[in-house]
Amino acid sequence: MEPFRHHIFICTQAKPEGATSCPGNRSWQVLQALETELCEQGLDDDVQVSTCGCLGLCDDGPLMIVYPEGVWYRKIRKEDVAEIVSSHLKSGEPVSRLVWRDPQEMKAKAAKHRDQYRAMIKAKGQAGVLPDELNEMIRGFMPSRAVLTALELDLFSAVGDGCSAKEIAYAIEGDERATEMLLNALVSLKLLEKKDGTFLNTPVSARFLSASSRDNARPGLMHTAHLWNRWSTLTECVKSGTCIERDEREQKGVRDFIAAMDRNARERAAAVVKVVGVNGIRRMLDLGGGSGAYSIALAREMPNLNSEVLDQAQVIPLTQAYIRKAGLEGRITTRVGDMLRDPLGKNYDLVFVSAICHMFSAEENRRLFRRIYEALAPHGRVIIQDFILEAGKTAPRFAALFSLNMLVGTRMGSSYSEPEYSDWLQNAGFSDIRRMPLPGPAGLMIGFRN
Ligand SMILES: C[S@@+](CC[C@H](N)C(=O)[O-])C[C@H]1O[C@@H](n2cnc3c(N)ncnc32)[C@H](O)[C@@H]1O
Ligand code: FES
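Residue numbering for the sequence shown follows my numbering, starting at 74 and increasing by one per position.
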């Protein structure tokens with residue numbers, strides 16, 4: 074018994090640039106047109122669409138197979154999709170001019186493709202050619218650097234509703250030849266389009282990278298541009314064991330840093346609030362609370378909650394602005410302090426420690442957890458959110474790479490493993506210590522004061 078009337082597979086196998094492939098022949102556009110058309114013709118509940126890997130017939134792509142009939146379509150264009158949906162999927166009549174009905178030819182072509190592929194792999198192996206994935210990893214900085222430069226120059230805002238390279242160069246105060254080179258590269262990355270010499274934003278860049286959009290993420294992403302400079306010191310940091318002194322320009326990036334933290338926090342807050350629960354929490358201390366995004370999210374969920382955000386002097390004015398914007402000045406207060414040295418206070422039901430521990434050394438965290446224990450009311454809890462490594466410290470990949478982010482950016486910071494967090498919590502006196510599942514790259518640890 075099939076749950077769907079039809080099941081369609083479309084090949085979207087990525088191949089190295091220059092190799093013939095279905096995506097190279099616009100299979101993603103066909104897929105998008107198909108999703109839209111199924112909705113418009115009222116079939117989205119009856120037809121399941123899946124992408125699939127190479128079918129070995131790349132020269133005839135994009136390929137699409139419709140089951141249960143097993144009809145193979147080849148060389149489809151997005152303009153063909155409406156007809157396939159109405160004629161085949163609605164009325165049971167396959168579009169014969171696009172159907173490939175020669176199994177012998179198909180088998181022969183697939184076998185030839187397979188043999189060529191194996192020969193190519195063998196030849197590459199014998200010639201000692203760098204594997205594609207390794208090459209891609211090593212050059213991974215190129216697209217990243219192009220986008221970060223575009224963000225630094227606020228180029229997507231300058232593109233607006235469409236401009237020539239000359240106009241954009243004028244707006245960003247750039248050299249015309251160089252600006253055009255960057256614009257062309259951004260077109261290759263599918264962040265811009267180019268029509269008759271005019272550059273246009275794509276729906277993604279218009280929505281997320283342009284100042285005129287409500288969802289403009291540029292302020293938060295500027296922090297990543299600052300990180301680029303830090304990461305370029307990694308070799309020196311590995312040798313010396315700690316970060317290189319920040320120059321004055323970098324120290325001014327606090328506003329961008331807090332904007333980036335706020336963007337992350339707002340994305341995660343709903344899931345965190347759900348996991349934290351609301352039982353019995355009235356007084357909360359948000360250690361290094363940054364923009365206060367978690368205090369704000371928790372206060373909105375719990376009408377009886379009052380929170381205090383403790384952070385550094387240069388951050389607190391920014392925190393206050395975020396709290397004012399949320400209209401929660403009456404319930405969320407702020408305090409300037411150093412969490413490693415200043416008294417934390419007493420009788421909190423919850424101490425929230427989000428994205429903090431990775432800034433400090435293991436010994437500093439051990440001491441901090443002891444002080445947090447003392448700041449809690451009986452049965453109060455500490456909740457830690459961070460990028461938590463597995464015991465071996467080589468996974469998850471994001472947490473392992475983030476550890477380097479701390480090497481280049483802090484004196485003794487690092488990502489830490491679940492056993493390390495458990496050990497510090499236990500050592501401080503906490504009980505019922507648990508890891509709590511959370512979607513995304515960060516995890517939560519919780520512990521209770523007796
Ligand atoms: C990575 S941000 C995390 C912000 C927030 N908790 C979140 O998850 O969005 C770290 C915060 O800790 C603050 N911070 C760093 N060292 C501190 C210290 N010794 N005392 C108080 N706050 C500190 C920073 O100013 C920053 O706001
Ligand atoms: S890439 Fe689609 S069949 Fe090979």
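Think of the CB as a built atom: it goes at the ideal place given N, C-alpha and C, for glycine as much as any other residue.
This one's a predicted model, so the numbers in the text were calculated from it and none came from an experiment.
Per DSSP, residue i forms a beta bridge with which residues?
i: residue 121; result: 80
i: residue 379; result: 356
i: residue 144; result: 139
i: residue 236; result: 272
i: residue 490; result: 462
i: residue 297; result: The partner list for residue 297 (beta bridge, DSSP) is empty, contrary to what the question assumes.
i: residue 421; result: 449
i: residue 384; result: 409
i: residue 162; result: Beta-bridge pairing links residue 162 to no other residue.
i: residue 427; result: 458
i: residue 267; result: 272
Go to residue i, then tell me how far its alpha helix (DSSP H) extends in each direction, as first and last residue.
i: residue 524; result: Limits of the chain in this structure are 74 at one end and 523 at the other, which puts residue 524 out of reach.
i: residue 329; result: 327 to 349
i: residue 193; result: 176 to 200
i: residue 467; result: Premise fails: residue 467 is in no alpha helix (DSSP H) and is neither H nor E.
i: residue 390; result: 389 to 399
i: residue 449; result: First-last for residue 449: 449 to 459, but that is the beta strand (DSSP E), not the alpha helix (DSSP H).
i: residue 205; result: 205 to 211
i: residue 518; result: No alpha helix (DSSP H) contains residue 518, which is instead part of the beta strand (DSSP E) from 516 to 521.
i: residue 250; result: 249 to 261
i: residue 369; result: 366 to 374
i: residue 311; result: 307 to 313
i: residue 172; result: Unbroken run through residue 172: none, as it is neither H nor E.
i: residue 409; result: Premise fails: residue 409 lies in the beta strand (DSSP E), 405 to 409, not in any alpha helix (DSSP H).
i: residue 224; result: 214 to 225
Hey, would you say residue i sits closer than 8 Å to residue j, going by beta carbons?
i: residue 290; j: residue 512; result: no
i: residue 429; j: residue 365; result: no
i: residue 258; j: residue 219; result: yes
i: residue 278; j: residue 264; result: yes
i: residue 362; j: residue 383; result: yes
i: residue 334; j: residue 354; result: no
i: residue 426; j: residue 360; result: yes
i: residue 417; j: residue 358; result: yes
i: residue 135; j: residue 103; result: yes
i: residue 129; j: residue 183; result: yes
i: residue 484; j: residue 315; result: yes
i: residue 144; j: residue 122; result: no
i: residue 138; j: residue 214; result: no
i: residue 127; j: residue 189; result: no
i: residue 131; j: residue 164; result: no
i: residue 245; j: residue 227; result: yes
i: residue 84; j: residue 125; result: yes
Is there at least one non-hydrogen atom of ligand 4 closer than 7 Å to the beta-carbon of residue i?
i: residue 384; result: For ligand 4, the structure offers nothing, since it holds only ligand 1 and ligand 2.
Just to confirm the assignment, what range does the beta strand (DSSP E) spanning residue i have?
i: residue 289; result: Run containing residue 289: none; DSSP gives neither H nor E here.
i: residue 504; result: 504 to 509
Below 8 Å on the Cβ atoms is my guess for residue i versus residue j; work out the distance and round it to an integer in Å.
i: residue 524; j: residue 370; result: An answer regarding residue 524 cannot be provided, because it is not within the stretch 74 to 523 covered by the chain.
i: residue 488; j: residue 479; result: 7 Å
i: residue 472; j: residue 492; result: About 14 Å; that fails the 8 Å criterion.
i: residue 237; j: residue 271; result: 6 Å
i: residue 439; j: residue 519; result: Not a contact, Cβ separation roughly 18 Å.
i: residue 306; j: residue 481; result: 6 Å
i: residue 110; j: residue 155; result: 5 Å
i: residue 273; j: residue 235; result: 5 Å
i: residue 275; j: residue 266; result: 6 Å
i: residue 350; j: residue 433; result: Going by Cβ atoms, the distance from residue 350 to residue 433 rounds to 27 Å, so no, they are not a contact pair.
i: residue 461; j: residue 494; result: 7 Å
i: residue 517; j: residue 348; result: 6 Å
i: residue 356; j: residue 451; result: Actually they do not touch by this definition, with Cβ atoms about 13 Å apart.
i: residue 292; j: residue 332; result: 4 Å
i: residue 120; j: residue 78; result: 6 Å
i: residue 367; j: residue 338; result: 6 Å
i: residue 372; j: residue 380; result: 6 Å
i: residue 140; j: residue 80; result: 5 Å
Got a sec: is the Cβ-Cβ distance from residue i to anything in chain D below 8 Å?
i: residue 274; result: No chain D appears in the structure shown, which is made up of a single protein chain.
Taking three-plus beta-carbon pairs below 8 Å as touching, is the region 278 to 292 in contact with the region 221 to 233?
A contact exists between the region 278 to 292 and the region 221 to 233.
Using a Cβ distance threshold of 8 Å, determine whether the region 325 to 339 contacts the region 408 to 415, with at least three qualifying pairs required.
Verdict: no, contact absent.
With contact counted as at least three CB pairs below 8 Å, one residue from each stretch, are the region 436 to 448 and the region 489 to 505 in contact?
In short, these stretches touch, since the Cβ pair count reaches three.
Within 8 Å, do at least three Cβ pairs link the region 96 to 104 to the region 144 to 160?
Yes, they touch.
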